[in-house]
Structures are given as structure tokens and as C-alpha cells.
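Numbering (my numbering), first residue to last: 14 to 459.
We put the beta carbon where it would ideally sit given N, CA and C, even for glycine.
Since the model is a prediction, treat every value here as computed from it, not as a measurement.
Since the structure comes first, as C-alpha cells, the remarks are kept for the end.
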Amino acid sequence: MSSSVSRLVSSVCKKIIKPYSPTPISLRCHKLSYLDQMVGGIYLPLALFYPKLSNTWSSKPNNVVSQHLEKSLSKVLTNYYPFAGKLNDNISIDCNDNGVEFFITKINCPMSEIFNHPYFEKHNLVYPTEVINNQYTYEGSLAVFQLSHFSCGGMAISMCLSHKVGDGYTFGNFMNHWATMARNALSSEIYPVSPKFDGSFYFPPTKDEDSSNVSNNNIVPQREECVSKSFSISSSKLTALKARVINESKVQNPSDIEVVSAFLYQRAMATKKLVNSSSIRPSLLHQAVNLRPPLPKHTMGNIGSLFSILTKEEKEMDLAQVVSKLRKEKEEVKQKYKNAKIEELLPITLEQYRKANDLLVNNSCYDLYRFSSLITFPSYDVDFGWGKPEKVISPLSTSNPPIKNMFVLMDDKNRDGVNLTCSMKKQDMLAFERDEELLRFASPTS
């Protein structure tokens, strides 16, 4: 972050928030599952931006807003107790109620200046500096939060949660559970999903002495100097893309995720071809899969799998063909898990990772494109008591440096279009963001 940008932050206050109720002794040692052990130690960031507070909150001072968030955060940590603990190598979490870090800052610019700044540099102001600059090596609490007040009266609430504790689904549930606690502080409403950190029951961990080997063999994205940009695809443009797929393939009910992922993958390959002035480079698309169901919705942790598709020739780049491939692979993965016994879940999942890893290792000259989706996660419904966010900035778009060829998809504010963030090498991004076919359907938002 440049010094001119960092100077916009005028004050920083740090607090430690502990769980409202002590964690029972029976839950003090949280065993990591095998999938938790595989995951790198990255922190997943998300930021929610709220305009100047209205109704009863408009006249309340900043410290009252902060206290409101701190109290509800303390209560929700009672349910999400591993975040307030300490990681014990790559084996377990000591759920000792040490608490989480909570920062309060003042940012001397209007919120709109953050939105309109290209390539995300100013977006990082709303995250705790040490976490966002050291996402793989940060040694503080397993969840870190920041409340940022802007000169216009708006504010941002950011969260950085350790991937060792949970995945995007866990993140989404935590976020909405916290907001429900805050919004209904004086009522008896109970959050509908009571979390259970029992991933090790479904994906038993490796023996203690072998845990470092799991960590060393995990699939961790290589860090490179990249730039990030965001785009939006409106509901009408999304409908047009779906119509093209329906008319040209046997997939008659393509999902938003399938169509947008295939379209972006296609355009990224096409523009990379222009950069290299050659035929297309063989490419891989990795897509994450949530395993709830078949696993219970209340199971927190890293509960996912993945699948990949391979594109070697230009004739395979057709949008409808890519969607058909995605659908075929996804259905095959779902079928594998459909009637699987508990003891079969880990072998099936490891085989999926092995297949994806082998494709990459055996074809090191291939381009890899990673897709992660928060579509269907109600990010724009997170109401702490003063209304819904004006904007949500997606995870991984703020990684430092960004992950090369990473695409994160989210619903837009009205839940009828798609917002997306992508990161690429600068020369690839210059070609991608100028692609006429991309711009027919996607509008730049940063």
C-alpha cells in the first residue's frame, strides 16, 4: 500500500473480544480434519460497506456502534469458539477463549472514493494492515475484524477468517449468525443453524506425526505479481448468455455459476492467445464444490471437494461446449458422493484432489484458472441493525499479491445479476479488460 493511501487512516484502536460464555472443557481441543490440514494458512477477507446510518442509528456516536458490534461478536464467538483459540501446529486448535482482534479506524475520505479506485489498492484500507499484508504468515488471532468510519458518515466492517477453521460456507454462516445476534440483541430470535465443528468425524485427520506432510502437499496457489479488477454481469446479459447455451447444447437449465464461469474461462483463454500471438494455450479450470449436502448444513470447517475440466484445442472453447463439460464433471462428482458411506468420503475427496493435481503436475505448461463462488450466499442481506450493505467486496480479490487467474463470483445487490473479481498478470489483464466479447456482457466496476 502506498504511503499516500495509508495516510488516509488517522487512528487505529485495537481490542480483544472474547467469547461471551466459556467454551466447555469437552470442546476445548478441536481436532482439524484431513481437509483442514490440507488447506494453506491463508486468511479469507470480506468487507461490507454501509452508507451513512439512518433511522435510530443516525444520531448515535461511533463508540455506541462499536459496542453494539463488540457485544454481539462476543456472543457469536460462543458458537464459533475455534476462531477464539490458538492453532496447535497442523493438528488441532486449542479453544482457550483467548479471543479475536477487533480494530477501529477512521478513514479520511468518503466511502465512494474507495469504490471508485482502480485495482483495489484503497480497498485494503478497510482491512487490518498486518493481516492483509501477511495473509499466509499472520500469527495473530484466527479471526480478525475491523470497523472503519469514513468522513461521509458511512462505514465498513471487514472480517479476515483463517481458512484452517473453515471454508466460505463457514464464513457465510458466521457472518449471518453475527448479524442476527446484533440485529436481535433485545429479542429471543434464535439463529436457524446451530454450528457444529465436527469435520474430523467425516474426514478423519492423519496421524499427528504425519500432519506436516499433509500441509506440505496441499494445493496452495503460487503467489505472483498480479492485478485485480471487478466486473458485473446484469440479469439481462446473464439471460442472453444462458439462451446461447440452451440453443447450442443439451444443457437446458444452466446455472449462473456454470454460465459465468464458462464465459470468463473462454474469454481468458481467447485473450491469452492474443497476448502470445499464437494458438490457445492448453488450460485447466478448477471449480470448488460445497459438500453440504450430502453432509449436514450445520457442519462447519472445510467441507468441500473440487473438479477440473481440460481444454487443449480451440474447437473446445465454444461456450456451450464448456458449460456441457462443467455440467458433466459436476454431475459425476455429485454422483460419487450421493450414496457414499462416511468412511468413503475422505478417499473420494482425496481422489478428486489427486486428479486435479495430477493434471497440473503432468502438464506444467498449462494455464490454470481457479473459480470460487459465493453465489447464493446472502452477503447483501447482512444487517447488523442499520440496514443492508451498499457494497460487498469479495474474498481473495484483496490478496497480497493476488492469486493469478483467480475468479470469485458473487450475487449482485439485487440478487439477479453477478459481480465478479478476477486477478491476472498485468499484461493478461490489459488484454482481458479490453476484450470486445467480454465487454458485450460484462461491465467494469473498478
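CB of residue i within 7 Å of CB of residue j, strictly
i	j	result
Y93	F216	no
M194	S79	no
F445	T284	yes
M419	R383	yes
I106	H176	no
P32	T91	yes
N432	S245	yes
T458	S247	no
S262	S337	yes
K250	F454	yes
K27	F96	no
For residue j and residue i, the rounded distance between their alpha carbons
i	j	result
L287	K439	14 Å
S24	E114	16 Å
M168	Y350	43 Å
V89	H190	7 Å
S456	S385	20 Å
V302	S321	11 Å
V77	L308	40 Å
F210	Q148	23 Å
F184	V178	9 Å
N289	D424	33 Å
K347	R340	10 Å
T142	Q300	30 Å
L199	K343	Residue placement at L199 is poorly supported in this model, since its pLDDT is 49, which falls under 50; the coordinates still yield a value, given next. Near 44 Å, if we compare the C-alpha coordinates of K343 and L199.
T150	I120	26 Å
N197	S87	14 Å
Best match in the options for proximity to residue i [C-alpha to C-alpha]
i	options	result
V421	V258, Y278, E356, T183	Y278
P37	G53, N109, T69, E83	N109
V395	Q80, S171, I30	S171
V405	S456, M419, G398, I388	I388
Y140	T118, T150, G153	T118
A281	E449, S337, T458, G112	E449
I104	G54, S87, L66, Q50	Q50
L21	F184, I127, P64	I127
L524	Y182, C165, H81, N101	No statement about residue 524 is possible, as the shown extent of the chain runs from 14 to 459 and does not include it.
Q159	L61, N186, K65, S125	L61
K325	Q365, L381, R41	L381
Q334	R257, A97, A198, N101	R257
Q365	I416, F187, S34, S318	S318
L304	N111, I145, G314	G314
Expected contact under 8 Å - CB spacing of residue i and residue j to nearest Å
i	j	result
P218	F163	No, P218 and F163 are not in contact; Cβ-Cβ is about 44 Å, not under 8 Å.
V240	S436	7 Å
Y63	P402	6 Å
L82	L155	Rounded, the Cβ-Cβ distance is 18 Å, inconsistent with contact.
Q. Enumerated in chain order, which unbroken segments of the alpha helix (DSSP H) with a length of 4 residues or greater are wholly contained in the region 92-175?
A. 124-128, 142-146
Q | Segments assigned beta strand (DSSP E), at least 3 residues, entirely inside the region 317-358 | A | 317-324
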